[in-house]
Structures are given as structure tokens and as C-alpha cells.
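Student:
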Amino acid sequence: MDKIIINGPCRLEGEVEIAGAKNAIVAILPAAMLVDGVCRIENVPKISDVENICNILSAMGAAVRRVEEKTLEVDCSSVRCSEVPYEFARKFRASYYFLGALLGRFHTATVAMPGGCHLGARPIDQHVKAFEQLGATVEIKHGNVHCRADRLTASGIYLDMVSVGATINAMLAAVKAEGLTVIENVAKEPHIVDVANFLNSMGANIRGAGTDVIKIQGVSRLQGGSYAVIPDQIEAGTYMAAAAATGGRVLIKNIIPKHLECISAKLEEMGVSITEYDDSILVDATAPLKKTNVKTMPYPGFPTDMQPQMCTVMLRAEGISKINESIWDSRFKYTEELTRMNAVISVAGKVATVEGGHQLLGAPVRACDLRAGAAMVIAGLMAQGTTVIEEIDHIRRGYEQIVEKFAALGADIRLVSD
Ligand code: UD1
51 MDKIIINGPC RLEGEVEIAG AKNAIVAILP AAMLVDGVCR IENVPKISDV
101 ENICNILSAM GAAVRRVEEK TLEVDCSSVR CSEVPYEFAR KFRASYYFLG
151 ALLGRFHTAT VAMPGGCHLG ARPIDQHVKA FEQLGATVEI KHGNVHCRAD
201 RLTASGIYLD MVSVGATINA MLAAVKAEGL TVIENVAKEP HIVDVANFLN
251 SMGANIRGAG TDVIKIQGVS RLQGGSYAVI PDQIEAGTYM AAAAATGGRV
301 LIKNIIPKHL ECISAKLEEM GVSITEYDDS ILVDATAPLK KTNVKTMPYP
351 GFPTDMQPQM CTVMLRAEGI SKINESIWDS RFKYTEELTR MNAVISVAGK
401 VATVEGGHQL LGAPVRACDL RAGAAMVIAG LMAQGTTVIE EIDHIRRGYE
451 QIVEKFAALG ADIRLVSD
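Going letter by letter, the sequence shown gives residues 51 to 468 in the numbering used here.
Next up, the structure:
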């Protein structure tokens, strides 16, 4: 198995370019199933989740070509299959977007229950509810989700809780349904807006993405076109956290500063200086850090996907900080790995108490999941001595060239392949 080896500590300094948003592209690629013609998609991140989805699309009969380093052309016109088998679906959570996309296109979809990061229970009842409201019947049997509808008809859909996945799946299923669908209590994350913009640029009629209510006037056909994916909010936030945790000074490029406000505000509160430019942000963390408290919330609140990385920043701040995880039941497993590196953290239910100011020490650790893996890399940069990170396939799911990017910022970091 491949490993990442880091010799620390180091202070990050320099510039880093942020890739396209993972959580947008993992929905946009399945959404291409709804389009007749070629979708040219730019700013596609080179991550394994994208490879996996492209493999699914190809296996189903789509033509997928990488025409430039970060540009894909996807043509799903000749796809006749409406099933995503387990060997593909198990590899990543977002395979559930094929349910909405295939249902929208073929009025039938069979997708194996998704895999992905283990963050606690990950029910899909709200996805199911949205499909049923549009006229589908949904059955979960033998590890597969089966959806079928004679016709999809517009409806009012009220989500019981704010769910990114259910919001996007409801949009995908409703985009070609007959009439006006109104989805209330939706998620407002930047990638929700990006998926709606992608669909609209192919001919859909979706309004309100980014607010609490999304209205979709069904259209009979989507045609091909060009679209550029937004920059990755969480990758950008990870480099911001890494700069802050190492007392560094880093210019983070190709970003949308507005999407990072929830992260910038928290770092500023801790004593980090943040300067925003049009499409970049300068993080200067050379001053000492103050303790803080964080509660994860749906956008525009502090993102749960930044929680492990923010924990490492708290480890540099003198005093006791607290993290309240309000989205996932089990997102603190990584703290046990940090504790092996001399961190002082205790967890009680959904709250972690982080005692900052202790020098981290290098140790062998595992990347328990994608964002936990990013936190291990940051901790390795902060720690005295050598940190060896195993199970790095989790990290590859969502971070493009993480080793190269940190090395360019001055880290002594390398990838070792067995
Ligand atoms: C997406 C992100 C993930 C992030 C999460 C929250 C992608 C591919 N993944 O995951 O990285 O951590 O948003 O920002 O974009 N829930 C239900 N029933 C449902 C759906 C969700 O109870 O049908 C609950 C979940 O258990 C969780 C909360 O709602 O407690 C939010 O989940 P959701 O926003 O759906 O997360 P994902 O879309 O899976």
C-alpha cells in the first residue's frame, strides 16, 4: 500500500492553486446522463472519485474523453443501461446521484447502496421521499435501490432536513419531469448552485439554487454545451488550515473568496490575517493563535468537511477549544490518531475538547477517511520528526496532487509506493 511520509515540523510558505470542486463534479458527471449531446466540462479535478465515475459512465456506454489536462468531454447519448452495479457504487458515496440522473432520463434506475466515508449512519430516506413525490416507486432490496416511474410529474417536495445529496438528487429527477417542481428546505452549498448552473447551461430551467427554495420547470430535452466547475471550497479551506496550523503564509489561488467566508471568519477570530483578492486569498498565520469554538452547520455555516482540518489549527492555539459536530454521528475517529501524535483531545458524544499548545510528535497514523486524511497530513507538517500516513487512498478520492502541492509550499513530504 502507498504511504505519505512527512518530516516535520515546517512552516508553509508560497502559493497553491486550487482544483475544481469534488462535490460538484461528482454530481455533474452523473447529471451528464440527462443530456443529449456532448458536455464539455472544464476545471475537472484529477482525483480518484472522478476516475471512478468516468469508469461507471464508460461501462454504461458513454463516451468519455480527457481532451485537455483538466477538461473532459462526456457524451451519454448512446447509453441504454440504467443500472450501476455494486463493484462501482461501493467505491464512493456520490454514486447515489446516478439514481436521480437515471430516473430522470430512463424513468428507471437501479444503483447499489453507496459506499464512501464512514461518518456514521448515512440514510437516504430524503432522496427516496423526493423520488416518490415525483411519482416513482422505490424499493431497497438485496443491497440495491430500485426506482421506477411510468411518468415523472412535478410536485411540492419538503425535505425534512437539509441534505446536500437529497437536494441534488431531487433536482436531477425533476429536471425533465412534467410541470413545476418546488423543493423546500434545500441545502445551499456552493456545489448545489454549481450543479444547477451546469444543468441550466444545458437547457434546464432551475431557479433559486443557493436559497431555501428551488423551483424547477421541467423541460423535455437538455442539449450539450460547455461548463467550467467552480473551485473546491474544502480543498481551499484545507490549505488555509494548513497555513494556519504551521504558522505559515500562503497565497491560495483560483478560489471564490465568498465560498470561504465561513472558514476565513473562524481563522480571523483565532488571530490569522486573511486578505481577500478577486480570485485568491492570502493567509498569514505568523502571529500566535487564540483558542476558539466551532459548530459544524449546513452552508453558510462552518462545513463539517473542514472539521478535522480545523482541529489541527486548534492544536496550535494555546488553551482549550471545542468542536461541536452537528451533521455526522461519527466524525471524531481521527482524533485517536492525533492523540498518538501527542495531541490532547477528548471526545464526549458530538463534542471534542482540544487542548492546544502541545508539540505534536511524528508517528505512524492512518487516514480514516478523506478529510481525516487531510488532517493527518497537516498534523504531520506540524509534528517534530517523521509521520507515516497509511490508507491514503481515502485522500486520493478528493485531493489532487496533495504531496506535490505541499512540497511546493516547502514541506518535506513524499509518496512512497510499495
Ligand atoms: C455531502 C458531502 C459530504 C458532506 C455532507 C454534509 C458530497 C458528495 N458529500 O454528503 O462530504 O460531509 O454533504 O455537508 O457532496 N440525511 C438523512 N437522510 C437523507 C439524507 C441525509 O437523514 O436522506 C442526514 C445525514 O445523515 C446527515 C445530514 O442529513 O446527518 C446531512 O447529510 P447530507 O447533506 O445528505 O450529506 P451527503 O449529501 O451524503
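Heads up, the beta-carbon is just placed ideally off N, CA and C, and yes, glycines get one too.
Bear in mind the structure is a predicted one, so any value in this text is a computation, not a measurement.
Tell me the residue span of the beta strand (DSSP E) that contains GLY159.
Tutor: Gly is not the amino acid found at residue 159; the sequence shown has Ala there. Start and end: 158-162.
Student: For the stretch 237-244 against the stretch 188-207, do three or more pairs of beta-carbon atoms, one drawn from each stretch, fall closer than 8 Å, so that the two count as touching?
Tutor: Touching, no.
Student: Give every residue of the same chain whose Cβ lies closer than 7 Å to the Cβ of ARG447, excluding the five residues on either side of it in the sequence, and list them in chain order.
Tutor: The answer, listed in chain order, is ILE97, SER98, ASP99, PHE142 and LEU420.
Student: Label THR261 either buried or exposed according to how many other C-beta atoms from any shown protein chain fall within 10 Å of its C-beta, with 16 as the threshold for buried.
Tutor: With fewer than 16 other Cβ atoms within 10 Å, it is exposed.
Student: Does the distance from the CB of LYS345 to the CB of ALA367 come in under 9 Å?
Tutor: Going by C-beta atoms, LYS345 is not nearer than 9 Å to ALA367.
Student: Measure the beta-carbon distance from ALA461 to LEU431 and round it to whole angstroms, keeping in mind my assumption that it falls under 8 Å.
Tutor: Contact flag correct, Cβ pair sits at about 5 Å.
Student: Is any non-hydrogen atom of the ligand UD1 found closer than 8 Å to the C-beta of GLU101, if you look at the structure I gave you?
Tutor: Incorrect: GLU101 has no Cβ contact closer than 8 Å to the ligand UD1.
Student: Roughly how many whole angstroms lie between the Cα atoms of GLN451 and ASN105?
Tutor: About 20 Å.
Student: Excluding the 5 residues flanking LYS120 on each side, which residues of the same chain have their C-beta closer than 6 Å to its C-beta?
Tutor: Here the set comprises ASN93 and VAL94.
Student: Using a Cβ distance threshold of 8 Å, determine whether the stretch 353-373 contacts the stretch 403-411, with at least three qualifying pairs required.
Tutor: Judged by Cβ distances under 8 Å, the stretch 353-373 makes contact with the stretch 403-411, as three or more pairs qualify.
Student: Ignoring anything shorter than 3 residues or poking outside the stretch 194-252, list the beta strand (DSSP E) runs there in chain order.
Tutor: If we require 3 residues or more, the beta strand (DSSP E) runs fully inside the stretch 194-252 come out as 194-198, 206-208 and 230-234.
Student: Just checking my contact of VAL322 with GLU63 at CB under 8 Å: how many whole Å lie between their CB atoms?
Tutor: No, VAL322 and GLU63 are not in contact; Cβ-Cβ is about 15 Å, not under 8 Å.
Student: Please name the residue or residues paired with ASN392 in a DSSP beta bridge.
Tutor: Answer by DSSP bridge pairing: none, since ASN392 is not bridged.
Student: Grab me the residues of LYS72's own chain with a C-beta within less than 7 Å of its C-beta, minus the 5 sequence neighbours each way, in chain order.
Tutor: Taken in chain order, the residues that qualify are PRO95, ILE97, ASP99, ASP282 and GLY448.
Student: When DSSP labels each residue in this structure, what does ALA315 get in the three-state scheme?
Tutor: DSSP places ALA315 in helix when its eight states are reduced to three.
Student: With a threshold of 8 Å, establish whether the CB of GLY423 neighbours any heavy atom of the ligand UD1.
Tutor: No; taking the cut-off as 8 Å, the Cβ of GLY423 has no heavy atom of the ligand UD1 nearer than that.
Student: Starting from GLN176, follow the alpha helix (DSSP H) in both directions and report where the run begins and ends.
Tutor: From DSSP, the alpha helix (DSSP H) with GLN176 extends over 175-183.
Student: Which whole-angstrom value is the C-beta distance of THR288 and GLN183, which I expect to be below 8 Å?
Tutor: Going by Cβ atoms, the distance from THR288 to GLN183 rounds to 36 Å, so no, they are not a contact pair.
Student: For VAL117, which residues in the same chain have their Cβ closer than 6 Å to its Cβ, ignoring the five residues on either side in sequence?
Tutor: Cβ within range, chain order: GLU123.
Student: Considering only their Cβ atoms, is the gap separating ILE256 from MET221 smaller than 9 Å?
Tutor: Yes.
Student: Quick one: measure Cβ to Cβ for MET83 and CYS131, integer angstroms, because I've assumed they're closer than 8 Å.
Tutor: Going by Cβ atoms, the distance from MET83 to CYS131 rounds to 10 Å, so no, they are not a contact pair.
Student: Just how far apart, CA to CA, sit ALA335 and LEU411?
Tutor: Whole-angstrom Cα-Cα distance: 21 Å.
Student: How would you call GLN357, buried or exposed, if buried means at least 16 neighbouring beta carbons within 10 angstroms?
Tutor: Its Cβ being crowded by 16 or more others within 10 Å, GLN357 is buried.
Student: Would you check if the stretch 51-69 and the stretch 425-442 touch, i.e. whether three or more CB-CB distances between them fall below 8 Å?
Tutor: Verdict: yes, contact present.
Student: Let me make sure I understand the geometry here. Which of LEU79, ASN374 and GLU375 has the alpha-carbon closest to that of SER145?
Tutor: For SER145, the nearest C-alpha among the options comes from LEU79.
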